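J.: Quick note on numbering: the sequence shown equals residues 1 to 748 in the UniProt record's numbering. From the three backbone atoms N, C-alpha and C, an ideal C-beta is built for every residue, glycine too. All of these numbers come straight from a predicted model, not from anything done at the bench.
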Amino acid sequence: MSATDSTVMPQIKRRFAPRLGRVIVSLALILALASFAVFTGYTPIMPTDAVVIDVFMANAVIVLILLVLVSVETLRIVAAWRARAAGARLHLYIIGLFSIIAAVPAIIMAVVGSVTLERGLYPAFMQDVRGFISHTADAARLYRETQCHSLLRESDLTASDLDRAKVGFTDRSFFQNYFASRVHFLGFTTAVMMKGDGTVIAKVDTGRPAQVVTPSAADFNDAKSKEPVCFVLDEGKTFIALRVLPSFDDTYLYLGRPVDPFAVEFDEQAQNIIGLYDAFDQHRRSIQLAFISMYALLALIMLLSAIWLGLSFANTLVAPIRRLIHATDQVSSGNLYVQVPVRRAEGDLAHLGETFNKMTSELRHHQNRLIEASRVIDERRMFTEAVLSGVPAAVIGVAATGIITVLNPFARKLLSLDQAEEGAVGQPFADKFPELAPMMEDAKASRHRMYQAQVTLVRSGRERNFNVRVTAEASARSDQSHVVTLDDITDLVSAQRTSAWADVARRIAHEIKNPLTPIQLSAERLQRRYGRVIVEGRDVFDQCTETIIRQVDDIKRMVDEFSSFARMPKATLEEDDLTKCIQQVLFLMRVGHPGITFEEKLPDEAIVARFDRRLLTQALTNIVKNATEGIAGLDPERERPGIVTVALTVQDGAVVIDVDDNGKGFPTENRQRLLEPYMTTRAEGTGLGLPIVAKILEDHGGGLELLDNDRQGESGGGARVRLFWPVHGPTKIRPTSLEASEPMINKA
Numbered sequence: 001m002s003a004t005d006s007t008v009m010p011q012i013k014r015r016f017a018p019r020l021g022r023v024i025v026s027l028a029l030i031l032a033l034a035s036f037a038v039f040t041g042y043t044p045i046m047p048t049d050a051v052v053i054d055v056f057m058a059n060a061v062i063v064l065i066l067l068v069l070v071s072v073e074t075l076r077i078v079a080a081w082r083a084r085a086a087g088a089r090l091h092l093y094i095i096g097l098f099s100i101i102a103a104v105p106a107i108i109m110a111v112v113g114s115v116t117l118e119r120g121l122y123p124a125f126m127q128d129v130r131g132f133i134s135h136t137a138d139a140a141r142l143y144r145e146t147q148c149h150s151l152l153r154e155s156d157l158t159a160s161d162l163d164r165a166k167v168g169f170t171d172r173s174f175f176q177n178y179f180a181s182r183v184h185f186l187g188f189t190t191a192v193m194m195k196g197d198g199t200v201i202a203k204v205d206t207g208r209p210a211q212v213v214t215p216s217a218a219d220f221n222d223a224k225s226k227e228p229v230c231f232v233l234d235e236g237k238t239f240i241a242l243r244v245l246p247s248f249d250d251t252y253l254y255l256g257r258p259v260d261p262f263a264v265e266f267d268e269q270a271q272n273i274i275g276l277y278d279a280f281d282q283h284r285r286s287i288q289l290a291f292i293s294m295y296a297l298l299a300l301i302m303l304l305s306a307i308w309l310g311l312s313f314a315n316t317l318v319a320p321i322r323r324l325i326h327a328t329d330q331v332s333s334g335n336l337y338v339q340v341p342v343r344r345a346e347g348d349l350a351h352l353g354e355t356f357n358k359m360t361s362e363l364r365h366h367q368n369r370l371i372e373a374s375r376v377i378d379e380r381r382m383f384t385e386a387v388l389s390g391v392p393a394a395v396i397g398v399a400a401t402g403i404i405t406v407l408n409p410f411a412r413k414l415l416s417l418d419q420a421e422e423g424a425v426g427q428p429f430a431d432k433f434p435e436l437a438p439m440m441e442d443a444k445a446s447r448h449r450m451y452q453a454q455v456t457l458v459r460s461g462r463e464r465n466f467n468v469r470v471t472a473e474a475s476a477r478s479d480q481s482h483v484v485t486l487d488d489i490t491d492l493v494s495a496q497r498t499s500a501w502a503d504v505a506r507r508i509a510h511e512i513k514n515p516l517t518p519i520q521l522s523a524e525r526l527q528r529r530y531g532r533v534i535v536e537g538r539d540v541f542d543q544c545t546e547t548i549i550r551q552v553d554d555i556k557r558m559v560d561e562f563s564s565f566a567r568m569p570k571a572t573l574e575e576d577d578l579t580k581c582i583q584q585v586l587f588l589m590r591v592g593h594p595g596i597t598f599e600e601k602l603p604d605e606a607i608v609a610r611f612d613r614r615l616l617t618q619a620l621t622n623i624v625k626n627a628t629e630g631i632a633g634l635d636p637e638r639e640r641p642g643i644v645t646v647a648l649t650v651q652d653g654a655v656v657i658d659v660d661d662n663g664k665g666f667p668t669e670n671r672q673r674l675l676e677p678y679m680t681t682r683a684e685g686t687g688l689g690l691p692i693v694a695k696i697l698e699d700h701g702g703g704l705e706l707l708d709n710d711r712q713g714e715s716g717g718g719a720r721v722r723l724f725w726p727v728h729g730p731t732k733i734r735p736t737s738l739e740a741s742e743p744m745i746n747k748a
């Protein structure tokens, strides 16, 4: 079979199966009505046994056909229900409802009819009819017996008269006349004297037709040996009396008298009715069974027809609902292009289908608009994300409920949020940024749309300055969301301070250095000229002049440092071996500090980078020197030896030098201010070493970080200074790209 045939055949079945069912149901109903008409006598066809059997068989055949038709449909629906097809449960519910509506009345009528006939009408009516008919038959029998007795009595009188007439009268004619007179007097219609063999010896003409039937030999014997005999002739219309005449030799008197025909017919009818009733009573069960069978067939026809009509109605009702369910399932799965076929014959369900199609069209239209709006929103979102990603500031969106909704990548970097902090979105703003919570409350209480302030935040041991702006949503609602913008102004503040200190250094170098030389020369001159002359108080004089000279030297050295800080030479970058530079610095430090262990972690191969060898040597020497001073500032009685470790690595195109020590480390608070001029934690320090190193690394395009030495395994157990700059040029880089686990404190 081809694919076309396999597609066409089910369509033909679906189209012609309902029509065939309607034809069969119509024929079944017509046959049921015709059978009822035949049984009730409304047709010329008499309900004979043959007709009843034919009608019964025809109804049985149509019942079987209906049963097969309904069974096939029911099995199909049950299979659909088991397969959880759409609308199958409603299908079964409607079929069951129609079946109950059709079956319950038929069952009730059958039960009520049977109970009424068996327990009501039959005992109360049929028994009385039986008694009435029996009494009527008894009355007819009594009437007949009365007529026989009267006829026999009158026959006795006539026989006695004839016996006396035979003695008194010997004349035959006279006897005949006397016989006739007695017959006419008593009203006999038939009067005959005959021998025992039936020979008539005398007969009276009564003027009315009379039939003389020769009695049988048994009747003659009974009349001779017993009492007179009475019997009927002419279908019971004439009573005959036969008796012997004792005075005559072997002679019998044969007398007849007619009776009322109605009485005779009534008696016959009564006897017939009694016979019919007895026959009915004997076959009552079989008749009831036949009636019940026929009633059951007719009821089955009506029931199965009703079930099929229920199936047809259910199909008509469920089919559009099923189409709607399938279409709804497709809509729920996202297919908004589905349409249900609309058939005007389905009435309100067709209107429902039109409404559904209109709904899907509108949903499709709205979906297209939503998709377009979503596309525009996505484009705007991506543009916004791109803008936020490129903005050199932390941007935080806060809903009216205080929940973080937006957090750009720069905010995570500046606020030391690692990848695990992606969960900050959706968290309360006050929990993640408790330092900014009061400012947020002030911004909400402010009548201005923008609120601005400067705050200092500490994250992962680093302290940074931020310029914070809180901007309210441009909306008339009271529950407005806010955008918090944080600009990192740590470097700007540091640069401003450095610039201010550089200007101060220039002024100091200009104003102080000029008188220092005459002061020192004058002190030396006093010492040379008057040192040998003064005898008394010579020691005091020498001590004073030496103090002046020494303090002037110290002031000169400080002024020189001011000058160096104010006029840092520009770095000249050349490719050189950085490994050798580090080794030379460590060699000099080992010679100067034999009590401290200097370790180096350098690559096996040479690291060639662009740097100013003189300035970088100065910076590295300063950092290592600070490390030795940090170790020297500890308790001299401690057990662990001083260790300074210098490690060189290349990470993401940047040179990274880590100088670790196990000294007292950096303070937690105001750590970044150590990079400002004249900010130091040592009494003898000038506070210019780290700023000069930071300036050198800034000229190299890198920076400086002050960290804790976590390799020592103790809290506060040392310091780590990280120097970094790009390998191939002074391109600005951020330290967070080097090692995310150790956030930047400051970039020079």
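Around the Cβ of F587, are there at least 16 other Cβ atoms within 10 angstroms (buried) or fewer (exposed)?
T.: Position 587 of the sequence shown, counted from the first residue, corresponds to residue 587. So F587 ends up on the exposed side.
J.: Since L253 and A159 should fall inside the 8 Å C-beta cutoff, what is the C-beta to C-beta distance between them, to a whole number of angstroms?
T.: On the sequence shown, position 253 is the one that residue 253 refers to. On the sequence shown, position 159 is the one that residue 159 refers to. Right, their Cβ atoms sit about 5 Å apart.
J.: For K358, does the count of other Cβ atoms within 10 angstroms reach 16, so buried, or fall short, so exposed?
T.: Here residue 358 corresponds to residue number 358 of the sequence shown, with the count starting at 1. Exposed: under 16 other Cβ atoms inside 10 Å.
J.: Around the Cβ of V112, are there at least 16 other Cβ atoms within 10 angstroms (buried) or fewer (exposed)?
T.: On the sequence shown, position 112 is the one that residue 112 refers to. By the 10 Å Cβ count, V112 comes out exposed.
J.: Skipping 5 residues on each side, what residues in its chain have a beta carbon closer than 6 Å to that of K195?
T.: Counting from one through the sequence shown, the residue named residue 195 turns up at place 195. The answer, listed in chain order, is D250.
J.: Roughly how many angstroms separate the alpha carbons of H728 and A393, rounded to a whole number?
T.: Taking the sequence shown and counting its residues from 1, the one referred to as residue 728 is at position 728. Taking the sequence shown and counting its residues from 1, the one referred to as residue 393 is at position 393. For H728 and A393, the distance between alpha carbons rounds to 28 Å.
J.: Using DSSP with H/G/I as helix, E/B as strand and the rest coil, what is F466?
T.: Taking the sequence shown and counting its residues from 1, the one referred to as residue 466 is at position 466. Reduced to three states, the DSSP call for F466 is strand.
J.: Straight-line CA distance for T206 to L233?
T.: On the sequence shown, position 206 is the one that residue 206 refers to. On the sequence shown, position 233 is the one that residue 233 refers to. Each residue's Cα considered, the two are about 17 Å apart.
J.: Any idea if S35 is buried or exposed, counting beta-carbon neighbours within 10 angstroms, 16 or more meaning buried?
T.: In the sequence shown, the residue the question calls residue 35 occupies position 35. Per the 10 Å Cβ criterion, buried.
J.: For a test of the three-state rule: what should DSSP assign to A609, helix, strand or coil?
T.: Translated into the one-based positions of the sequence shown, residue 609 becomes position 609. If DSSP states are grouped into helix, strand and coil, A609 belongs with the strands.
J.: In its own chain, which residues sit with a C-beta less than 8 Å from the C-beta of R532, not counting the 5 before and 5 after it?
T.: For this step, residue 532 is matched to residue 532 along the sequence shown. Within the same chain, R532 has no close Cβ partners at all.
J.: Should the stretch 657 to 664 be regarded as contacting the stretch 614 to 627, the criterion being three or more beta carbon pairs within less than 8 Å?
T.: Touching, yes, given that three or more Cβ pairs across the two stretches are closer than 8 Å.
J.: Taking the straight line between their C-alpha atoms, what separation do you get for residue 816 and M57?
T.: Outside the shown range of the chain (1 to 748) lies residue 816, about which nothing can therefore be said.
J.: Just checking my contact of Q527 with T545 at CB under 8 Å: how many whole Å lie between their CB atoms?
T.: Counted from its first residue, the sequence shown places residue 527 at position 527. Counted from its first residue, the sequence shown places residue 545 at position 545. Q527 to T545, Cβ: 4 Å. Contact.
J.: Would a C-beta distance cut-off of 8 Å place V406 and I396 closer than the cut-off?
T.: As a working note, residue 406 is residue 406 in the sequence shown. As a working note, residue 396 is residue 396 in the sequence shown. Cβ distance < 8 Å, so V406 and I396 count as in contact.
J.: A106 to L298, Cα distance in whole Å?
T.: Counting from one through the sequence shown, the residue named residue 106 turns up at place 106. Counting from one through the sequence shown, the residue named residue 298 turns up at place 298. So the two alpha carbons sit approximately 10 Å from each other.
J.: Pick from G198, D163, A202, D197: whose alpha carbon is nearest that of A180?
T.: Counted from its first residue, the sequence shown places residue 180 at position 180. Taking only the C-alpha atoms, the option nearest A180 is A202.
J.: Am I right that V585 and L620 are in contact with their C-beta atoms under 8 Å? What's the rounded C-beta distance?
T.: Taking the sequence shown and counting its residues from 1, the one referred to as residue 585 is at position 585. Taking the sequence shown and counting its residues from 1, the one referred to as residue 620 is at position 620. So it is a contact: roughly 5 Å between Cβ atoms.
J.: Can you grab the Cα-Cα spacing for the pair A400 / N408, in whole Å?
T.: What you label residue 400 is simply residue 400 of the sequence shown in a count that begins at 1. What you label residue 408 is simply residue 408 of the sequence shown in a count that begins at 1. Near 19 Å, if we compare the C-alpha coordinates of N408 and A400.
J.: Of the choices R538, W308, D612, whose alpha-carbon is the least far from that of residue 755?
T.: In the structure displayed, the chain extends from 1 to 748; residue 755 sits before or after that span and is not available.
J.: Any idea what DSSP makes of F248, helix, strand or coil?
T.: Within the sequence shown, residue 248 is the residue found at index 248, counting from 1. F248 falls in the coil class under three-state DSSP.
J.: Any idea what DSSP makes of R671, helix, strand or coil?
T.: Working through the sequence shown from its first residue, we reach residue 671 at position 671. R671: coil per DSSP, three-state reduction.
J.: Under DSSP, the alpha helix (DSSP H) around L586 begins and ends at which residues?
T.: For the purposes of this step, residue 586 is identified with residue 586 of the sequence shown, where counting begins at 1. Start and end: 578 to 592.
J.: Please name the residue or residues paired with G703 in a DSSP beta bridge.
T.: Within the sequence shown, the letter at position 703 stands for residue 703. BP columns for G703 point to F724.
J.: Should T355 and V331 be called a contact, given that it needs their Cβ atoms to be closer than 8 Å?
T.: In the sequence shown, counting from the first residue as 1, residue 355 sits at position 355. In the sequence shown, counting from the first residue as 1, residue 331 sits at position 331. The answer is no: Cβ separation not under 8 Å.
J.: Could you compute how far the alpha carbon of I12 sits from the alpha carbon of L66?
T.: Here residue 12 refers to the residue found at position 12 of the sequence shown. Here residue 66 refers to the residue found at position 66 of the sequence shown. Legend: pLDDT at I12 = 48, less than 50; position of this residue unreliable, no value from coordinates given.
J.: Quick one: residues in its chain with C-beta nearer than 8 Å to the C-beta of I404, no 5 flanking neighbours on either side, listed in chain order?
T.: In the sequence shown, the residue the question calls residue 404 occupies position 404. Within the same chain, I404 has close Cβ partners I396, G397, V398, A424, V425, G426, Q427, P428, F429, K432.
J.: Name the DSSP bridge partner or partners of R656?
T.: The residue given as residue 656 occupies position 656 in the sequence shown. The sequence shown places Val at residue 656, rather than the Arg named in the question. DSSP lists T649, F724 as partners of V656.
J.: Cβ atoms of T668 and T644: under 8 Å apart, would you say?
T.: As a first step, residue 644 must be located in the sequence shown, where it is residue number 644. As a first step, residue 668 must be located in the sequence shown, where it is residue number 668. Note on identity: in this sequence residue 644 is Val, with Thr being the wrong assignment. Not in contact: V644 and T668 (Cβ atoms no closer than 8 Å).
J.: How far does the beta strand (DSSP E) with H482 in it reach, from first residue to last?
T.: To locate residue 482, count along the sequence shown from 1; it is residue 482. Per DSSP, H482 belongs to the beta strand (DSSP E) from 482 to 488.
J.: Starting from the N-terminal side, write out each stretch of the alpha helix (DSSP H) that is 4 residues or longer and does not extend beyond the stretch 145 to 222.
T.: Runs of the alpha helix (DSSP H) inside the stretch 145 to 222: 172 to 186.
J.: Compute the beta-carbon to beta-carbon distance between T190 and V212, rounded to the nearest angstrom, for a pair I have assumed lies under 8 Å.
T.: For the purposes of this step, residue 190 is taken as the residue at position 190 of the sequence shown. For the purposes of this step, residue 212 is taken as the residue at position 212 of the sequence shown. Going by Cβ atoms, the distance from T190 to V212 rounds to 6 Å, so yes, they are a contact pair.
J.: Does the beta-carbon distance from S155 to L255 come in below 8 Å?
T.: Residue 155 sits at position 155 when you count from the first residue of the sequence shown. Residue 255 sits at position 255 when you count from the first residue of the sequence shown. Going by C-beta atoms, S155 is nearer than 8 Å to L255.
J.: To the nearest angstrom, report how far apart P438 and K444 are at their CA atoms.
T.: For the purposes of this step, residue 438 is identified with residue 438 of the sequence shown, where counting begins at 1. For the purposes of this step, residue 444 is identified with residue 444 of the sequence shown, where counting begins at 1. Using only the alpha carbons, I get a separation of about 10 Å.
J.: Identify every run of the alpha helix (DSSP H) within the UniProt domain "HAMP" (315 to 368), keeping only runs that are complete inside it and at least 4 residues long; order them along the chain.
T.: If we require 4 residues or more, the UniProt domain "HAMP" (315 to 368) turns out to have no alpha helix (DSSP H) run fully inside it.
J.: What does the Cβ neighbour count give for V693, buried or exposed, with the cut at 16 atoms within 10 Å?
T.: Stepping through the sequence shown from its first residue, residue 693 is reached at position 693. Buried is the call here.
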